[in-house]
Every structure is written in structure tokens, then in C-alpha cells.
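Read top to bottom, the protein sequences are chains G and E.
Per this note's numbering, residue 324 is the first one in the first sequence, and the count goes up by one each step.
Per this note's numbering, residue 324 is the first one in the second sequence, and the count goes up by one each step.
For each residue, glycine too, the CB sits at the ideal point set by N, CA and C.
Number of protein chains: 2
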Amino acid sequence: MSEIGEEKIIDYIKKRFPKRNKEISKGIGDDAAVLKNGLIISTDSFYEHIHFKFKYFDMYAVGYHCLSASLSDLAAMGARPIAALISLCLTQRIMTPDIKELYRGFQTLVQRFNFDIAGGDIVQGPGFGLTITVIGQAKKPMMRSGARPGQNLYITNFLGLAETGRIVLDQGLTKKRYPDSVNKHLFPEPNFKDARIIKKFATGCIDTSDGLSTDAHHLAKESKVKIVLEGTHIPIHPEVGMLCALKKIEPIDFILSAGEDFELLFTADDLPKRLKLKIFRIGRIEKGKGVWLSYQNKITPIEQSGYDHLS
Amino acid sequence: MSEIGEEKIIDYIKKRFPKRNKEISKGIGDDAAVLKNGLIISTDSFYEHIHFKFKYFDMYAVGYHCLSASLSDLAAMGARPIAALISLCLTQRIMTPDIKELYRGFQTLVQRFNFDIAGGDIVQGPGFGLTITVIGQAKKPMMRSGARPGQNLYITNFLGLAETGRIVLDQGLTKKRYPDSVNKHLFPEPNFKDARIIKKFATGCIDTSDGLSTDAHHLAKESKVKIVLEGTHIPIHPEVGMLCALKKIEPIDFILSAGEDFELLFTADDLPKRLKLKIFRIGRIEKGKGVWLSYQNKITPIEQSGYDHLS
């Protein structure tokens, strides 16, 4: 599959399968499928070695991490979660206590966000993994296609923390020096809290799962606009700065390609006064296409340097 | 996972996750989750080696087979398909033409039954596989829990053909002698056609995916009834009879444990007159529990001998 990337496959599928049913409001191309009655459905797969490693994940964390990542697609659309269906791919190595720990991870989120585990499937397979389908409801979902020229681009938190945490855990760096990062990688949070506030004024929105550059590209492409990231406004968390110094990487470059923070990248015209929300304005929307970085008196085009699931 | 089976895990999950949301009409335990607005959602996973072998499946057949199997859960509830979300788990071995062939298999069914491919996910994983989530709509879904004492048990077609086909293909027997069986294994059909007719009078229904004994056990358990299978009324297809003669197996035993026919096993009081449907009456519903076989003047309890995805 190295010859073509995920996006090319999705473009091929989109072209080959035009929308047929009136019940479908928005299909392939957004964070989730949207039905006309406001029901939103999204599916994500996770496999050992690729998406998590048992070197530093226990089964509770696997359950928590994967279900949070799935729920994040609902948060990105401003939807409330109703149910999840979970398909487990098991191997002989997985024992009953493992399954119970996995479900304990799910349960923490089920109780916090009050939705149902409504079904699933259990099969044997070539490696341990799970596919989670989440179902949510939104009266007026935020879409990737809602960004308009003249708007500002915002992010709900620091970026790069999850990837910093992953590197710290994977390379055995001192965990104590990176507490926020390690926690963000193991236990990311679907940002329903901020989504409830921003959906009143945001027009375009995506969750940052593949890295700022790729996620911004998705927004730009679906909205048919140009996105200019303003380098000096992109906030650098101290832990991200520390890792980048250690690795001698430019923090901006790191953040452009670091995925899995599951924060909300959104566009809006004017922010309401006295907004009870900590957000960062990191760019602007213009007419045109592509993603550009304005930094140190230069404007350069930014390639999709984020995580491609197939590369 | 050999220590516990799929059913025990599902029972554990059901107990641990009681229904929380009013939108959920029926969750874990049936062919699919049912929302109060009549939306029905089901998910199924399929992996190479476990669910299909490239020794005799091409990619077109994989797409057709897996999507048909998934849609069958909707047919079993009398639902009309609206959309499918498809998560692909790819390996380096899978090339662009393979993906196109896979989607050509999906497309045949999309066009025949007029639903949408509304999204999905594409990841790298430990082996080739796919997880399909199907979404359907039914005003009054047929449930596993609808069987009542005094009713008859019916099946919409011969059973055992798909497993006969699988054995023929896997063991390299003469395919020409088993055309119906080979076709049934490679290209099973979701039985929407019969479902549309029987949903007017059927009360309990399940699709035969795990073998007659296991599927009858699901019906009996969810409906809290006893099912008596009448051995002499279970029809034996000539190809199934031929394979059983070759293998020296009792055809009834073979049919009890042979899965993946995706026919409709349903219960009803009185059949409408002049029913335009070829069905077989193969048993009766009584008060009590479990599944029993009435055959050669004996009534014996039947264990769940069908396919357990984890055994």
C-alpha cells in the first residue's frame, strides 16, 4: 500500500460511490457520516504495534485511549454521544482478565459521558485490535466544510503533547519530566466540553488526530479555502519545547506533524465577548487553497507532513 | 481466549453495561443495536485465514462475501439498508488494484440494494481484514426475543450449503459437483427479499450465521422459550447429502453446526394463505428453555455445536 496513501484511496471511493440515499446528509470526507435526522456515525480501527504498544499500555489504557479517540470524532462535530459498538479482534494471548480491564477502560468514559455500549462483534484475528463505531446526535453538526475566507483559525489547547508522550514512553525517557505529555498519549480526552461552547459560533471544525498540517489540509480541502498558519501564534507547551530541544527539532515542524492530541481546530468570525474558554488563535482563512505557514517574515506552503495511516 | 467463549464475554458485557440512554431501544444481545427512531446498527469483523482464504477468494469475492454477511443482520430484523461504514486493516501486500476489486465487490451490493458507503477508516495492521458497520431502518424490527410458545419454527432455505462450499474449496474437492454450495460460500446473499414478506407475520427472527444449533439457542435464550427441532422436517440439499455421504457424517449433525448460510430462522403463529415464499417448517416453540432435537422417536437436548468465533 505504500504506493498510494489513505487520502488517495478515500478520493477514489468518494468518486466511485456517489451519495444515493436521501437519509444521508454527508458521507465520505468528514469526521463522520451524518444522517438527515442529525445522527452521526463514525468508525475507527486500532491495532497493537501500530496504534498502541503493550510495552507501555495496559489494557485499561488501551480501552480508554481507543474509545476516547473514537469519541473525538463526535466532539469535532459538536455531537453528543449516544452509543458505541465495539468489534474485538482477539488472539490466543488475550485472557479473560485482559478483556475485563479493556472494558473497565471503556466504562470510565461510558459513565463520564453517559452513552451506551450497544453491541459489537468478537472474532479471532491475526493480532490484537479493535474497531469502534460511535453514534452521536447533533442538531446542527460542525463540518470540515464550514471554514470561510476572512475567518480566524483557533485551536482549543497546546499541540504536540500526545506525540511527545509517545516518544518519551517509546524511547524510555524520564516520564516524570513529561507528565502532561505521557498522560495525553495514554489517556487523551474527547473535547466535548469545549465543543459545546464553540459550536455556537464555530463554522468549520476538525479534531487534530493526524497532525496540524494534515488536519488543516482536510479543513482547507473540504471548505475550498486557503489556511495561513501564523507561526508566532502557535503555542509551544514547555514539555514539547523540552523534547524538541533534546532532539534538536524546530518545535513548529514537530507540531505540524504530531498527531493524536484530539483538540478542536476550528474557524469562526467574531468570538463572543467574555468567552469562558482558553483557546489560541493560530491562523486565518483566505481565498485560495492549501495550507501555508507565515513565519519569520516568510510565507511557505506546507505539505501534509502529518501522520498518514498507510505510510 | 480459549478459556471463555464469545457468549460468556457478551454476557459479561451485558451485565456490566446496563442501558443508559432512552434513544437505545435494544442493545447488546440481538443481531444489531436498535435505536428508538427505528435505526438499526450492526458491526462485524472479518480477517484473512479466519473468515476467508485467498487460496480460493479473490478480492471481489471478499468484498461481496463480507458485506453480504454484514447486511444479513439488517435482513434478519426486517430492516432496509441505508449505509455502510467500512474500516480496512491493510498490510504491505495489499496493492491499489486489490482495493479496487474489493470495492467492486461492495459496489455490486450497493447498487442492488441501494444504500450508501458513508465512511470508514483505513489503517495498517497485523493482517488483512475489514470491519463493516451497517445502518438500516425498520418501522417494527423483528427481534430474537419475539418467539412465543405454540408457534412454528421456519427456515427460508436449505442449510449447510455454505459450509459444504467452504469444505469443497478448502479441500480441493470437485467444484463442479457442488455449484450451489461453492456459490453460497463465496457469494452469500442477505435475504432482504424473504424478510420483506415474513416480517408481516414473523415474531422472532435471526439469520443463520453460526449454525442452526447456536442460532436456535440465541432465539431460545432471548425469547425465553424452548425450541424443538423436528429432524425429519429439516431439508437436506443434494449437495449437502453428497458431501455428508463422502465424509460419513450424519447430515442433521452437519447442519446443526454449519454456519454462514445467512438464511432467516423465524417463528410465526399462522402463515398467511397463498404465501408466495418457499420456506420449510423445521420445528416448534414450547414453554421451557434450550434447544432440543426430535428425531427417530427420541427427543435429545442439543448443545451449541455451531461456530464459536473464539473456539
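Around the C-beta of L492/E, 16 or more other C-beta atoms lie within 10 Å, and the residue is accordingly described as buried. Taking a Cβ-Cβ cut-off of 7 angstroms, the neighbours of L362/E in chain G comprise L362, given in sequence order. Within the DSSP secondary-structure output, A407/G pairs in a beta bridge with I440/G, V457/G.
In the DSSP assignment, Y477/G falls within the beta strand (DSSP E) that extends over 475-478. DSSP, read as helix, strand or coil, puts G328/G in coil.
Contact between the segment 559-571 of chain G and the segment 328-341 of chain E is absent: fewer than three C-beta pairs spanning the two stretches fall below 8 angstroms.
The Cβ neighbour count for G495/E, taken over all protein chains shown within 10 Å, is under 16; the residue is labelled exposed. In the three-state scheme derived from DSSP, where H, G and I count as helix and E and B as strand, P624/G is classed as strand. Around the beta carbon of Q474/E, 16 or more other beta carbons sit within 10 angstroms, so the residue counts as buried. When C-alpha distances from G488/G are compared across G564/G, M466/G, I363/G, R435/G, the shortest belongs to G564/G. Scanning chain E for C-beta atoms nearer than 8 angstroms to the C-beta of R339/G yields Y426, Q430, reported in chain order. Contacts with chain E at 9 angstroms (Cβ-Cβ) include S410/G. The Cβ atoms of T526/E and R604/E do not sit closer than 9 angstroms to each other. A Cβ-Cβ distance of about 16 angstroms is found for the pair A591/G and A398/G, leaving them out of contact under the 8 angstroms criterion. In summary, Q434/E is exposed, with fewer than 16 beta-carbon neighbours lying within 10 Å of its beta-carbon over all protein chains present.
Spatial neighbours of G469/E in its own chain (CB-CB distance under 8 angstroms, excluding positions within 5 residues in sequence) are listed in chain order as A525, T526, G527, C528, S546, T590.
For the pair D439/E and I332/G, the CB atoms are not nearer than the 9 angstroms cut-off. Per DSSP, L594/G is not a residue of any alpha helix (DSSP H), being assigned neither H nor E. Counting along the chain, A525/E sits inside the beta strand (DSSP E) bounded by residues 525-530. Here C389/E is not bridged, per DSSP, to any residue. Each residue's CA atom was taken as its position, placing R597/E and I458/G some 42 angstroms apart.
V446/G belongs to the set of residues whose beta carbon lies under 9 angstroms from a beta carbon in chain E.
In this structure, L390/G keeps its C-beta atom at 9 angstroms or more from the C-beta atom of G452/G. Burial is judged here by how many other beta carbons sit within 10 angstroms of a residue's own beta carbon; E626/E has fewer than 16 and is exposed. Beta bridge pairing from DSSP links G452/E with Y370/E, C412/E. Neighbourhood of Y370/E in chain G, by CB distance below 7 angstroms: C412, V446, G448, P449, in chain order. Look at Q434/E here: in three-state DSSP terms it is helix.
Looking only at K499/G, V505/G, S532/G, V614/G, the smallest Cα-Cα distance to E553/G is reached by V614/G. Per DSSP, reduced to three states, the secondary structure at R604/E is strand. Taking all protein chains shown into account, R500/E has fewer than 16 neighbouring C-beta atoms within 10 Å of its C-beta and is therefore exposed.
Around E626/G, no beta-carbon contact reaches into chain E at under 7 angstroms, the shortest distance being about 20 angstroms.
Cβ-Cβ separation between E573/E and E486/E: approximately 14 angstroms, too far for a contact (criterion under 8 angstroms). Interface flag for Q460/E against chain G is set, since a Cβ pair is found closer than 9 angstroms. Taking all protein chains shown into account, D593/E has fewer than 16 neighbouring C-beta atoms within 10 Å of its C-beta and is therefore exposed. T531/G is positioned such that its CB atom lies no closer than 9 angstroms to that of I455/G.
In the displayed model, E346/G falls within coil according to three-state DSSP, outside both helix and strand.
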